[in-house]
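Chains as they are written, first to last, in numbering that gives the first Met the number 0: chain F, 0 to 327; chain C, 0 to 327.
Structure first, commentary second.
There are 2 protein chains.
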Amino acid sequence: MNTEPCNKRTLMDYCPDIKVMDCTLRDGGLVNNFSFTDEFVRDLYEANIKAGVDYMEFGYKASKELFDPKSFGRWKFCDEKDIRAIVGENKSPLKISIMADVGRCDYKKDIPAKKDSVVDMVRVATYIHQIPTAIEMIEHLKKKGYEVTVNVMAVSKVNTDDLDAGLALLSRSSVDTIYLVDSFGSFYPEQITKLSQKYVETAEAAGKNVGIHAHNNQQLAFANTIEACRMGVSLLDATVSGMGRGAGNCYMESLLSFLKNPKYDEIAIIRFVEKHMLKLKAEGVVWGYDIPYLVTGILNSHPSSAIKFIKEQRTDYCNFMQELLDLE
Amino acid sequence: MNTEPCNKRTLMDYCPDIKVMDCTLRDGGLVNNFSFTDEFVRDLYEANIKAGVDYMEFGYKASKELFDPKSFGRWKFCDEKDIRAIVGENKSPLKISIMADVGRCDYKKDIPAKKDSVVDMVRVATYIHQIPTAIEMIEHLKKKGYEVTVNVMAVSKVNTDDLDAGLALLSRSSVDTIYLVDSFGSFYPEQITKLSQKYVETAEAAGKNVGIHAHNNQQLAFANTIEACRMGVSLLDATVSGMGRGAGNCYMESLLSFLKNPKYDEIAIIRFVEKHMLKLKAEGVVWGYDIPYLVTGILNSHPSSAIKFIKEQRTDYCNFMQELLDLE
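Next comes the structure, spelled out in structure tokens:
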């Protein structure tokens, strides 16, 4: 198989450097407090293998000093034994990922050396001002033997000079992949075009890859993901039925049906939707596009206010918009 | 005000040649059999005026010989007196449009001369093989004094040679605007880029405009609409909350918040959503993205099978997919 990266991508191509990351447990866990049943997690793991998904993120590696394990489902913490209870030795091509937030994890203590873990990849989530701390984590985790990504969050709030400086720092680190993250779902595709170009140029010069993590506030998560892909971004995040915080993410069903690599099979995911996602929705777990998320997306604002508004079952959207504008 | 068309569009520009068309009653009418209350229609008319929308389509001009008026709401037929009952003499900047399907209307008899009508625009909906008949309609309606568009449906099923021939014929007609229509919601943005380019080049050479009408089967209606806009397409269709057949259309709320022309105000539309659309949904009127529409979108197939599947409250998506593949 040709494993050279191909940067000029057309609809009929398939590019072996494109990889798909399932974040359903991690971003979706933010919706239901990580309280997935074991059957859900096991079936998702099996579905991802069948569907040809490349990475599955099991959740966060959160600090148990900062967060009380009694208040969250287990995928907030991703104990090694809990992952192994699902995947055993993970004798599959599906790689396993966890996310570690800068300042919210005890990575030195809680993340063992790669040789003692079934986890393959650690994703370091950072805000722009935390990049020096992120780099310390990256170097530590690389030394432990992991594949490491850095996910620079909320870049729609970051000015260009700071972003350029941050990317330059990261490109000199040992990180494998730098992620373009649209935390607030506020980017339009033509902004993604330009940002992808910037990230890909910087990362490629340093021998690194770029990933994309999109949110669906303006119903653009899928469009932005495939636009980034067209521009050479190669690690693509998605979740089943878009399950994720607020408006959710890029739909895995859509992404796999778009990609031309014959190893991807959206039917395994659609089967999982039939069995599990309809039930979740019927139980009242709420995520996905809605006007309050459109509003926070337009205003480039954190979705937390919209999540609260929806939880309170309010529908006075125009008042909500004015309240948000007052906070700007 | 500068009224020169500007073709190189960036996010910060606003281009006076861009016009927005509300098709809520027409495409949304396909969902509820055109049974909107008078209050709904009147409030929508007022909301569109406040929001700066340029055109409002009231519905179809269907033949009463072919369709029994007792079986449909009045906006299937758009009698002059019914439109006037809402808009009077329409002393507003909002222009009024109706749609006439080739072969399904008695346009010679049922559409009066423009001087006797409050309607400003007639949109002729045609399949590729009906273009000669469409042109006869176009010439007739232009002589009667209307602004006329032609909406070539289902182009995702049309081969390039036929499309080129069809566009060439239309560019020699008197039509004002040629519409790019993604009837099955099957196009990706990069296909819209190329098609928009083709349509705009052909139309501009003949002194005509291009419009876009997108469907949301793959959650790409908004993305495809703004991509077409970027490429110089100037008449943009949307519906409130995306209400339209099957997966629905581009959301007016999203489109107006994207456009930079200060005359557009999405708040008037969001207020309308608060008052009317939530009620419609609560009453069980169903439209919008769902897996069966994703499937027909992927397979470039008419949404009717997905509409039936959803009406039957089936959720065996994988079986549905196999049934559809059997029909290919």
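For glycine and all other residues, C-beta sits at the position ideal for the given N, C-alpha and C.
Does any residue of chain C have a CB that is nearer than 9 Å to the CB of residue i?
i	result
S256(F)	yes
E273(F)	yes
Y187(F)	yes
Q218(F)	yes
E282(F)	no
S253(F)	yes
E226(F)	yes
N158(F)	no
A213(F)	no
F308(F)	no
R270(F)	yes
A222(F)	yes
I17(F)	no
L293(F)	yes
For residue i, is the classification buried or exposed, using 16 other Cβ atoms within 10 angstroms of its Cβ as the cut-off for buried?
i	result
G206(F)	exposed
Y13(C)	exposed
D181(F)	buried
L293(C)	buried
P291(C)	buried
Q129(F)	buried
K60(F)	buried
P131(F)	exposed
T201(C)	buried
G245(C)	buried
L167(C)	It should be noted that the sequence gives Ala, not Leu, for residue 167(C). That one is exposed.
D53(C)	buried
R25(C)	buried
A164(F)	exposed
E252(F)	buried
N158(F)	exposed
So who's on the other strand from residue i, going by DSSP bridges?
i	result
N208(C)	T176(C)
A124(C)	D100(C) and N150(C)
L235(C)	V19(C) and I211(C)
N248(C)	H214(C)
K94(F)	Y54(F)
Y59(C)	M98(C)
Sorted by chain position, which residues of the same chain lie with C-beta nearer than 6 Å to residue i's C-beta, five sequence neighbours on each side aside?
i	result
M242(C)	T23, G27 and W286
C5(C)	Any reading at C5(C) must be qualified, since the residue scores a pLDDT of 45, below 50, and its modelled position is unreliable; the value itself is stated next. Counting only Cβ-Cβ distances below 6 Å, and skipping sequence neighbours, we find C14.
D105(F)	S62
L179(F)	L194, Y198 and I211
M136(F)	Y106 and V123
I48(F)	S91 and L93
Ignore the nearest five residues each way along the sequence and tell me which others in residue i's own chain have a CB closer than 7 Å to its CB.
i	result
F71(F)	N32 and F33
K141(C)	V147 and S173
I309(C)	V285, D289 and P291
N208(C)	D175, T176, A202, S233 and L234
R103(C)	A61, S62 and L65
Are the CB atoms of residue i and residue j nearer to each other than 9 Å?
i	j	result
A237(F)	L219(F)	no
I225(F)	F257(F)	yes
Y316(F)	V151(C)	no
V123(C)	A84(C)	no
G58(C)	W74(C)	yes
M120(C)	I82(C)	no
Y126(C)	V101(C)	yes
Q196(C)	M230(C)	yes
V118(C)	I110(C)	yes
A50(C)	Y250(C)	no
E56(F)	D16(F)	no
Taking only beta-carbon atoms, is residue i less than 9 Å away from chain F?
i	result
P261(C)	no
Y316(C)	yes
M320(C)	yes
T9(C)	yes
F35(C)	no
Y250(C)	yes
Q196(C)	no
F183(C)	no
L277(C)	yes
N299(C)	no
I290(C)	yes
R229(C)	yes
Here's a check: name, in chain order, each residue in its chain whose Cβ is nearer than 8 Å to the Cβ of residue i, leaving out the five neighbours to either side.
i	result
F183(C)	A153, S155, K156, H214, N216, T295, G296, N299, S300, H301 and P302
L323(C)	V294, T295, L298, S300 and S304
M11(F)	K259
Within 8 Å: the Cβ of residue i and any heavy atom of the ligand MG?
i	result
R229(C)	Annotation note on the ligand MG: not contained in the displayed structure, which lists no ligands.
At a Cβ threshold of 9 Å, is residue i touching chain D?
i	result
Q312(F)	The structure shown contains no chain D; the protein chains it does contain are F and C.
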